[in-house]
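In what follows, a structure is listed as structure tokens, so that the remarks can point back to it.
In full-length UniProt numbering, the protein residues as written are 1 to 377.
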């Protein structure tokens, strides 16, 4: 889940090293936040926590805007280091840059580890309230004029937050850049999103030859999983260590397909035209090493060298990379309740964007950017 704007403008243009996207060039700050912004009785007050944020003031000129990164599901350093557009435009427009960390992520922990029943305050509403309190604090701390334009930036889930921030707090946020924001993924939103669009984008990123041969490989996996000899071959070649799944051919094949398919979505999210460690840093894999430019194409090279696989010759963006799998919202809600002890209802559409056409029409100054590379967008 990744800002397509970073793809377009992620490399700073001739900025001095002290102005490059980096937490090393920023000042770390902290602010007290209420765990629950919407409880007002003294007996129901769950207390406070410390929220972290970073500021960069070197660009700021009197009258310049406040650029506010709406932190999403990860340590905020990742977004400081990789949101190049804010730094480029900030340099040009004399902006004050602020990167806020989302509650429950990074060092912004609402509760100590292991605290039972603590996720009830991990909601979009609470996170947006945090950001509104922080912006109010920043106006006081930096003596910003009331006329200062505040622009929210965010990508992926952060893009959803940026658009919702403008929608719910128009008196605080004057505009938003919502990059690769999967706003149609909210339950209960109309019109329904295309359930195939995620896989279509990954398939297009890979290209017809790679997609066809990857699908043919998956067909071979399902074929081999039908016999004991084939399952032994899969276990030996894929180093499959869980013997318990080998008795069930369908389970084995489904597990292998799930395992083999997942990396393609992450590679597509980080399918930049230049080397980047955004995905490896965000996922905490590979020691944060750079992925190569166009990593999906690089990952496809072994498949494109294969000559002995046979299957459909279509290979279009409608001819999916892997077999379609149905999303079961009832099962998903049940797993969420069982694992985290919280209830997941279709409240987000009612709160924010129930009818997408009406909601977007009622907004102003929101840019929904999408480079058609990130499947979440």
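Glycine included, every Cβ here is placed at the ideal spot set by N, Cα and C. Every value quoted in this text rests on a predicted model; they were computed, and no experiment measured them.
Rounded to whole angstroms, the gap between the alpha carbons of residue 120 and residue 201 is 34 Å.
In this structure residue 103 touches residue 127 by the C-beta definition: roughly 6 Å separates them, less than 8 Å.
Between residue 99 and residue 80 a beta carbon distance of about 5 Å is seen, short of the 8 Å cut, so the two are scored as contacting.
Minimum Cα-Cα distance from residue 226 among the listed residues 252, 209, 213 corresponds to 252. Following the DSSP letters along the chain, one finds residue 163 inside the alpha helix (DSSP H) bounded by residues 157-168. Excluding residues up to 5 positions away in sequence, 224 lie with their Cβ nearer than 8 Å to the Cβ of residue 233 in the same chain.
A contact is defined here as three or more CB-CB pairs under 8 Å, and the region 62-79 meets this definition with respect to the region 103-115.
Between the region 19-33 and the region 51-58, the count of C-beta pairs closer than 8 Å reaches three or more; the two stretches touch. The beta carbon of residue 335 is closer than 6 Å to none in its chain, skipping five residues each way along the sequence.
In the DSSP assignment, residue 229 falls within the unbroken alpha helix (DSSP H) covering 228-238. Distance from the CA of residue 303 to the CA of residue 366, rounded to the nearest whole angstrom, comes to 40 Å.
In its chain, beyond the 5 residues on either side, 59, 64, 65, 67 have a beta carbon closer than 6 Å to the beta carbon of residue 95. Annotation: the continuous alpha helix (DSSP H) that includes residue 212 extends over 208-224. Closest in alpha carbon position to residue 342, among 140, 122, 70, is 122.
In the same chain as residue 210, and ignoring 5 residues on each side of it, the C-beta atoms closer than 7 Å to its own belong to 300, 303, 304, in chain order.
Under a 10 Å Cβ-count criterion, residue 88 is classified as buried, with 16 or more other Cβ atoms of the shown protein chains found around its own Cβ. Residue 140 has its alpha-carbon roughly 45 Å from the corresponding atom of residue 262. The beta carbon of residue 275 lies closer than 7 Å to those of 290, 291, 292, 293 in the same chain, with the five residues before and after it left out. Distance from the CA of residue 21 to the CA of residue 86, rounded to the nearest whole angstrom, comes to 9 Å. Per the DSSP secondary-structure output, residue 176 pairs in a beta bridge with 152, 366. Under DSSP, the beta-bridge partners assigned to residue 52 are 30. About 45 Å separates the CB atoms of residue 134 and residue 256; that is not less than 8 Å, and the two are not in contact.
For residue 97, the enclosing beta strand (DSSP E) begins and ends at 96-100. In the structure shown, residue 144 falls within a coil segment according to DSSP collapsed to helix, strand and coil.
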